[in-house]
Amino acid sequence: MSEEEVVWVARDYLKCTGCRRCEIACSLHHEGKIWPEASRVRVFMLVPGVEVPHLCAQCYDYPCVASCPVDALSVSKETGAVLVDKEKCIGCNKCIEACPGNVPFLHPADKKAVICDLCGGDPQCAKVCQEAEFNALWKVREPKTGWGSSSRKLFARTPEDVTRDVAANLYGEKAEELT
Amino acid sequence: MPRGYAGKFLEVDLSSEKVKDTTFSEDVLKNYVGGRGLAAKILWDRLGEKWETVDPLGPENIFLALTGPLTAIYPGARVCVSGKSPLSNGIIGSTTSGEFPSELRFAGYDGVIVTGRAKSPVYILVTDDKGEIREASHVWGKEAFETIRMLNNEVREELGRRAPNVGKWREPGMIYCGPAGENRVRTAAVMQKVSHAAGYGGYGAVMGSKNLKAIVAKGRKPMPDVASPGAVQVLWREVDKWLVGRDVFRRWGTGYGGYEVGANMSSEPVRNWQEEWHDEKSFAGPRFDFRYWVKRYWSDFNCATCCMKLAVIKAGPYKGAITDNPDYELEAYLGPNLGVFDPGECIYLSALVDNLGFSGINGPNTFAFAAELYQRGILTRDDLGFDLKWGDARAFEALARKIVRREGIGDVLAEGTYRAALKISETKGVDVTKYAVHVKGVEIGAHGTRSGLDYKPIGYACSVQAGDHTSGVYDAYRDMETVFVDSAVVCSFNTFGATLLWDFYRAVTGWDTTEEEWNRTLGHRITQIQRAALLLGGPDITWDPEVHDDNPPRYYEPLPSGPYKGQTTDRKAFEEMKKHYYEAIGWDERGIPKTEVLEKLGLSDVDRVLNKLRK
């Protein structure tokens with residue numbers, strides 16, 4: 024891959040079926056088990072029918088990396104993913120607060136930060152979503168900087184925030200009383 | 027603890043407010059598996075001796091919410107609820123899909139066993155290796171969306187307080203009862219995810235009778251370990267691939283059935299089964315699809331099938347109605363069955379029964395029964411407070427609400443179709459039981475027997491789950507598959523025609539159980555316990571198999587319309603099939619399980635109790 028490109032998991036919340044096979048694929052890949060609470064992608068369903076896959080958006084300015092007091096986070100040169108050094112991470116919660124979407128979370132067993140590593144450039148979540156032809160998640164390659172690169176950060180939103188948009192889209196006026 | 031199991035069950039006694047963990051031996055689990063099978067075992071062991079005296083809506087009944095070893099590992103996660111059924115007075119295993127079963131297993135539990143009755147409304151919260159009883163008065167009376175919104179917020183806030191720095195807490199999974207269940211309407215379902223119901227059996231009323239609004243689960247642990255992890259991963263992908271390839275099912279779910287089953291097969295309930303054929307193109311699938319479906323692929327945990335389609339009405343008099351599909355059963359039961367042929371009205375009524383917490387089959391069966399009595403002048407405007415004409419969606423809404431409030435005639439109809447028929451026959455002095463379309467108190471699914479193209483003549487009559495269309499019987503061998511699916515607790519839509527189910531089961535559990543062994547022995551054992559409980563029945567009604575192992579009278583009337591006009595269920599064929607089925611499953615000529623059969627299955631305790639019926 025050229026230095027100027029990054030891998031990204033594009034996402035269409037409106038097409039998410041809520042099957043959570045992305046969580047199964049992710050946790051099987053990283054943990055060897057079906058373990059959605061340790062999955063780097065977590066689907067929120069705060070309102071029934073409104074499913075929001077929540078995963079790192081790889082912001083161009085990486086506020087999480089800057090916030091880490093022990094330099095446990097770094098950016099992969101190959102993919103642009105945020106990498107967590109589990110040895111260094113102290114589970115302090117700073118990266119979660121720094122993320123505009125509060126995407127990171129602490130692993131339920133080791134209490135260290137969990138952030139999408141893009142599976143080294145071959146994201147398993149996008150693969151199973153594509154296999155099922157849902158097209159809610161898919162892998163793209165994008166320019167590291169320049170046009171479009173700042174928009175990726177706009178996907179770093181809280182699940183509550185995205186839920187309000189998707190609910191309005193699906194449910195119209197009714198959405199207000201449901202969220 | 028064997029592989030595939032989280033390892034323990036949560037036992038909650040609402041009367042004494044005691045919560046503890048319970049386990050079962052490997053032998054019990056290997057034989058009864060989980061879900062429906064284990065429910066039969068638990069209920070029989072604890073209540074069998076005094077079965078006829080147990081009031082399904084009394085504190086002595088047990089409410090069960092059980093998963094199985096395949097739940098959430100095999101694609102399509104469900105939970106099986108059970109107890110003594112307030113409709114059949116037997117044991118029914120009733121399943122519903124959603125995220126409650128997976129969350130329960132992530133919390134380290136395979137099931138919840140609820141006894142007693144709470145003094146005031148409560149819910150049970152299950153988190154990692156912990157169960158607790160919590161106050162629910164503020165949620166009592168709330169309909170589906172509001173119940174879920176309130177409990178989601180409350181539980182996420184509470185879990186955030188307990189563990190504040192782990193990141194965003196996700197929503198829990200939950201089963202709950204609606205206002206219908208709270209008011210012990212016997213056709214009330216245990217609900218999940220707004221529109222998903224464990225409908226058969228009336229277990230929403232059992233929850234209500236216990237003052238139990240919901241069981242809420244949020245776990246942060248992994249799925250239980252399996253015996254052969256590599257094999258399970260390969261099998262998971264293979265089953266997934268097969269599910270993705272079943273194109274028609276994925277595209278439409280069963281949501282095109284409301285037209286198809288009537289027009290093609292003449293086996294759809296039309297105006298309380300007075301007809302089973304219609305050719306109303308206004309009710310065709312694409313009219314639901316392109317006008318109302320806002321999400322065409324909607325799913326539950328670990329399912330690529332997506333038979334659900336999210337339907338929303340965005341404008342007009344029924345604005346704001348939200349439901350899934352409706353699937354075929356609700357399309358039929360809240361459509362042609364009520365004389366409704368407008369997709370918008372059908373969606374509105376489906377959303378209404380979901381929100382109120384009716385089983386969308388059983389509840390509307392009673393609505394149509396009442397409408398036929400109105401048509402025949404037996405129930406009048408004076409009885410109802412309004413006219414109840416076929417096709418009048420607003421009148422059926424009024425009726426549904428009256429039943430939930432148990433107001434006037436609503437109080438009678440809240441007892442379910444058969445019990446209401448007995449009561450109305452008595453008060454009106456005219457036999458109306460012939461208009462009640464049920465088998466042993468359980469209103470029948472939307473598949474008739476008269477055209478000969480859909481369900482077998484004995485499908486419901488000889489089933490231990492009675493009117494349950496997901497558990498129809500045929501030869502006492504092949505139909506044991508449904509017993510297995512409800513015991514391993516996976517979705518029958520993902521196992522129908524599956525070739526890898528048993529390999530999957532063995533790879534998960536490490537047991538060497540074969541399909542043959544299940545169909546010949548293990549499934550039979552569970553079925554015999556269910557049969558025994560069904561025949562013991564009580565306390566209000568008991569079934570005599572010589573009378574009640576039969577179809578409702580309507581199924582022997584000739585079809586009045588359509589290409590199969592004049593055809594009806596063949597009584598002679600029915601009797602022959604019934605005789606053959608009795609022999610195959612080991613029941614005597616009166617329909618009672620034979621002593622030697624029960625003893626061979628290790629069920630001499632069941633045999634001893636059944637002696638009461640053999641006199």
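Heads up: the sequence lines are chains A and B, in that order.
Residue 167 in the working numbering is what sits at position 144 of the first sequence, and the numbering runs on without skipping anything.
Residue 162 in the working numbering is what sits at position 136 of the second sequence, and the numbering runs on without skipping anything.
Beta carbons are placed, not taken as given, at the ideal position from N, Cα and C, and that holds for glycine.
Query, Result
"Compare the C-beta of A:Trp-161 against all C-beta atoms of chain B and say whether one is closer than 9 angstroms.", "no"
"Helix, strand or coil for A:Cys-42? Go by DSSP, reduced to three states.", "coil"
"When you measure from the CB of B:Gly-536 to every non-hydrogen atom of the ligand NAP, does any distance come out below 8 angstroms?", "Questions concerning the ligand NAP fall outside what the structure shown contains, since it holds no ligand whatsoever."
"Answer yes or no: does any C-beta atom of chain B fall closer than 9 angstroms to that of A:Val-88?", "no"
"Which chain B residues are close to A:Thr-40, counting only those with a beta carbon under 8 angstroms from its beta carbon?", "Lys-321, Tyr-323, Trp-324, Ser-325, Cys-332"
"Short check: CB of A:Glu-196 to CB of B:Lys-340, under 9 angstroms?", "yes"
"Given B:Lys-626, which residues of its chain have a CB within under 7 angstroms of its CB, disregarding the five upstream and five downstream residues?", "none"
"Please check if any C-beta of chain A sits within less than 9 angstroms of the C-beta of B:Trp-537.", "no"
"According to DSSP, is B:Ile-339 helix, strand or coil?", "coil"
"List, in order along the chain, the chain B residues whose C-beta lies closer than 7 angstroms to that of A:Ala-155?", "Val-270, Ala-330"
"What's the C-alpha gap between A:Tyr-194 and A:Pro-71?", "11 angstroms"
"For chain B, find out if any of its Cβ atoms is closer than 9 angstroms to the Cβ of A:Arg-44; answer yes or no.", "yes"
"Determine the closest residue to B:Gly-284 out of B:Pro-565, B:Trp-319, B:Phe-367, with distance taken between C-alpha atoms.", "B:Phe-367"
"Mapping the DSSP letters down to three states, classify B:Arg-212 as helix, strand or coil.", "coil"
"Within the continuous alpha helix (DSSP H) that includes B:Tyr-149, where are the two ends?", "Here B:Tyr-149 belongs to no alpha helix (DSSP H); instead the beta strand (DSSP E) covers 148 to 153."
"Span of the alpha helix (DSSP H) holding B:Val-54?", "52 to 58"
"Below 8 angstroms on the Cβ atoms is my contact criterion, and I expect B:Ala-472 with B:Ala-358 to pass it. Report the Cβ-Cβ distance as a whole number of Å.", "4 angstroms"
"Just confirm the distance between the C-beta atoms of B:Ile-484 and B:Phe-600, as a whole number of angstroms; I'd bet it's less than 8 angstroms.", "6 angstroms"
"For B:Val-270, collect the residues of the same chain with a Cβ closer than 8 angstroms to its Cβ; drop the 5 residues on either side in sequence, then sort them by chain order.", "Arg-276, Ala-330"
"As an exercise, report each continuous alpha helix (DSSP H) stretch of at least 4 residues that is fully enclosed by the segment 262 to 298 of chain B, in chain order.", "273 to 278, 283 to 286"
"Going by beta carbon distance, what residues of the same chain come within less than 8 angstroms of A:Asn-48, once the five residues before and after it are set aside?", "It should be noted that the sequence gives Ala, not Asn, for residue 48 of chain A. These residues qualify, in order along the chain: Gln-147, Cys-148, Lys-150, Val-151."
"With B:His-574 as the anchor, note down where its alpha helix (DSSP H) starts and where it stops.", "571 to 574"
"Are any of the Cβ atoms in chain B nearer than 9 angstroms to that of A:His-77?", "yes"
"Within its chain, find whatever has a CB closer than 6 angstroms to the CB of B:Glu-208; leave out the 5 residues flanking it on each side and keep chain order.", "Gly-234"
"Compile a chain-ordered list of the residues in the segment 171 to 188 of chain B whose CB is closer than 8 angstroms to at least one CB of chain A.", "Phe-171, Ile-174, Arg-175, Asn-178"
"Mind checking the segment 363 to 394 of chain B against chain A and listing, in chain order, the residues whose C-beta falls within less than 9 angstroms of any C-beta there?", "none"
"Roughly how many angstroms separate the alpha carbons of B:Val-274 and B:Ile-118, rounded to a whole number?", "30 angstroms"
"CA-CA distance, B:Tyr-461 and B:Ala-440?", "17 angstroms"
"Name the residues in the segment 111 to 130 of chain A whose C-beta lies less than 7 angstroms from a C-beta of chain B; which are they?", "Asn-116, Ile-119, Asn-125, Pro-127, Phe-128, Leu-129"
"Since B:Thr-568 sits in a beta bridge, which residues does DSSP pair it with?", "According to DSSP, which records beta bridges pairwise, B:Thr-568 is partnered with nothing at all."
"Quick one: list the residues of chain A neighbouring B:Arg-72, beta-carbon separation under 8 angstroms, in chain order.", "Chain A residues near B:Arg-72: none, gap ~33 angstroms exceeds 8 angstroms."
"I'd like to know if A:Phe-178 contacts chain B, where contact means its C-beta is closer than 9 angstroms to some C-beta of that chain.", "no"
"Counting only C-beta atoms, is B:Ala-98 closer than 9 angstroms to chain A at any point?", "yes"
"Can you pull the chain A neighbours of B:Val-220, defined as C-beta to C-beta under 7 angstroms?", "Pro-71"
"Can a CB atom of chain B be found closer than 9 angstroms to the CB of A:Leu-106?", "no"
"So with Cβ pairs under 9 angstroms, would you call B:Val-338 a contact of chain A?", "yes"
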